[in-house]
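These notes concern the structure reproduced below.
Numbering (the working numbering), first residue to last: 62 to 260.
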């Protein structure tokens, strides 16, 4: 089987409130105001597909939110999203590989984040056979083509793949292709799913 794991809130806990909190501290703009203005719009999607640079993304987002942040301040806040590794998921990934399954990560991410998490959490790369990143592939979830590309590169049919993600849209995109999908709602979702398989 091919097991496909998302990264954020699946393998690593993330929290966008930490990002906005850091930006609020730098600018003295109230957190509630930043939350109201923060959207994952077109610039966000372009950045995740690698279509725009980190600098252009920062500039566009600061403009959208009317935040007077330097690029360094923006970056510092942007990296604050990462909270902690989920060791129980890393353990499951290792067990799956020991059993002969293929284990990959498929993440909507961006260059700015990849300057941080691979060094901060080397366990992710150690637990996966391959890591597929949206900005390197030029496509992002829930676009059908990104799932199709992973299946093609891995040599698996959709019926032989299981996908874990915390985003309902991403789950639906994979589900429509016939991939078995599991919506990760909390830290217990994945351990519960594998409780019987790995006994």
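Ideal placement from N, C-alpha and C gives every residue a C-beta, glycine not left out.
In this text, all values refer to a predicted model and were calculated from it rather than measured experimentally.
Are there 16 or more other CB atoms within 10 angstroms of the CB of residue i, so buried, or fewer, so exposed?
| i | result |
| --- | --- |
| residue 109 | buried |
| residue 101 | exposed |
| residue 131 | exposed |
| residue 196 | buried |
| residue 117 | exposed |
| residue 161 | exposed |
| residue 124 | exposed |
Since residue i is in the alpha helix (DSSP H), which residue starts that stretch and which ends it?
| i | result |
| --- | --- |
| residue 73 | Taken as a continuous stretch (DSSP letters only), residue 73 belongs to no alpha helix (DSSP H), being part of the beta strand (DSSP E) at 73-75. |
| residue 162 | From DSSP, residue 162 is part of no alpha helix (DSSP H); its letter is neither H nor E. |
| residue 241 | Here residue 241 belongs to no alpha helix (DSSP H); instead the beta strand (DSSP E) covers 241-244. |
| residue 99 | Here residue 99 belongs to no alpha helix (DSSP H), and DSSP marks it neither H nor E. |
Compare the Cα-Cα distances from residue i to each of the options and report the closest residue.
| i | options | result |
| --- | --- | --- |
| residue 126 | 133, 97 and 116 | 97 |
| residue 192 | 165, 175 and 161 | 165 |
| residue 128 | 113, 103, 173 and 87 | 87 |
| residue 189 | 205, 142 and 215 | 215 |
| residue 206 | 69, 182, 234 and 230 | 234 |
| residue 106 | 182, 64, 133 and 198 | 198 |
| residue 231 | 63, 62 and 67 | 67 |
| residue 252 | 241, 236, 237 and 225 | 225 |
| residue 119 | 237, 80, 74 and 254 | 80 |
Could you give the distance in angstroms between the alpha-carbon of residue i and the alpha-carbon of residue j?
| i | j | result |
| --- | --- | --- |
| residue 248 | residue 144 | 13 Å |
| residue 136 | residue 222 | 35 Å |
| residue 99 | residue 122 | 8 Å |
| residue 72 | residue 148 | 8 Å |
| residue 83 | residue 138 | 5 Å |
| residue 227 | residue 111 | 22 Å |
| residue 154 | residue 77 | 26 Å |
| residue 218 | residue 85 | 46 Å |
| residue 115 | residue 200 | 17 Å |
| residue 180 | residue 239 | 34 Å |
| residue 184 | residue 151 | 7 Å |
| residue 113 | residue 209 | 24 Å |
| residue 284 | residue 140 | The structure shown does not extend to residue 284, since the chain spans only 62 to 260, so no value can be given for it. |
| residue 175 | residue 65 | 19 Å |
| residue 202 | residue 158 | 24 Å |
For the putative contact between residue i and residue j, defined by C-beta atoms under 8 Å, what is the C-beta separation to the nearest angstrom?
| i | j | result |
| --- | --- | --- |
| residue 170 | residue 194 | 5 Å |
| residue 244 | residue 256 | Residue 244 to residue 256, Cβ: 17 Å. No contact. |
| residue 211 | residue 173 | About 23 Å; that fails the 8 Å criterion. |
Check for me: the beta strand (DSSP E) holding residue i runs from which residue to which?
| i | result |
| --- | --- |
| residue 128 | First-last for residue 128: undefined, no H or E at that position. |
| residue 226 | 222-226 |
| residue 192 | 191-194 |
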